[in-house]
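These notes are about the structure you will find just below.
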Amino acid sequence: DAKTTQPNSMESNEEEPVHLPCNHSTISGTDYIHWYRQLPSQGPEYVIHGLTSNVNNRMASLAIAEDRKSSTLILHRATLRDAAVYYCILSVDSNYQLIWGAGTKLIIKP
Amino acid sequence: AAGVIQSPRHLIKEKRETATLKCYPIPRHDTVYWYQQGPGQDPQFLISFYEKMQSDKGSIPDRFSAQQFSDYHSELNMSSLELGDSALYFCASSQGLGSREQFFGPGTRLTVL
């Protein structure tokens, strides 16, 4: 199964944009890229997903490299409530199983 | 909006005992997923159900079993509990097997003594 690689942690200032990188060099053509986040003591929360094209929603933007071997989650204006562990996850198209890796702990400084 | 409900929220058991965790998906969601998250670890997929049938199986031990009922709620049954089973157990639901968005419950924290 294809895996993802993310930085262990990142820091950002409040009200500034945040770019969270993810490498998935062994991604296959039908694997979707998902981002979930997990706030302390809570269940994971869906953020965004994409296949080939860049995606935008009310929470974030997802920029996918042309070769699909990497992607970047963009939080346009981080708030203290965005402090969480962000997981970049691949799902195999055939069974929709989410393959979790070690996420990035995002620290927001006021 | 209604969310995924899990019960109990906390459970303490002794080694070799059994435990049953329950998950009530969001109304009209027909797919349920179970995940295990050990202390300081990332979630691991256990098993999923779609329309009351098992749809996928991950790293679920043979001591565990699960099913989805006619009202779409799901139960995870865990027998011969071991210390290593202590973890957060999350249930997620989605509308349709092909949905790319899973909605997670608050989790059940199981402690095995």
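From first to last, the protein sequence lines stand for chains A and B. Take any residue in the first sequence, count from 1 to its spot, add 1055: that is its number in our numbering. Take any residue in the second sequence, count from 1 to its spot, add 16: that is its number in our numbering. The C-beta atom is built at its ideal place from N, Cα and C for all residues, glycine as well.
* To do: Along the beta strand (DSSP E) that carries Asn-1063(A), what are the first and last residues, could you check?
  => No beta strand (DSSP E) holds Asn-1063(A); DSSP gives it neither H nor E.
* Asked: Is the CB-CB distance between Leu-1128(A) and Trp-1090(A) below 7 angstroms?
  -> yes
* Kindly confirm or deny that the stretch 1056-1069 of chain A and the stretch 1114-1121 of chain A touch, where touching means at least three C-beta pairs closer than 8 angstroms. => no
* To do: Identify the continuous beta strand (DSSP E) that holds His-1089(A) and give its terminal residues.
  => 1087-1093
* **Sheet register partners of Pro-1076(A) (DSSP bridge)** => Thr-1127(A)
* Do the stretch 36-51 of chain B and the stretch 60-71 of chain B touch if we need at least three Cβ pairs shorter than 8 angstroms? -> yes
* **Where Met-94(B) falls, given that 16 or more other Cβ within 10 Å makes a residue buried** => buried
* **Backbone CA spacing between Ser-96(B) and Ile-1163(A) [nearest angstrom]** => 42 angstroms
* **Distance between beta carbons of Arg-116(B) and His-1131(A), contact taken as under 8 angstroms** => The Cβ separation is near 22 angstroms, so there is no contact.
* Asked: Got a sec: is the Cβ-Cβ distance from Phe-80(B) to anything in chain A below 7 angstroms?
  -> no
* Do Ser-1064(A) and Lys-1160(A) have their C-beta atoms closer together than 7 angstroms? -> yes
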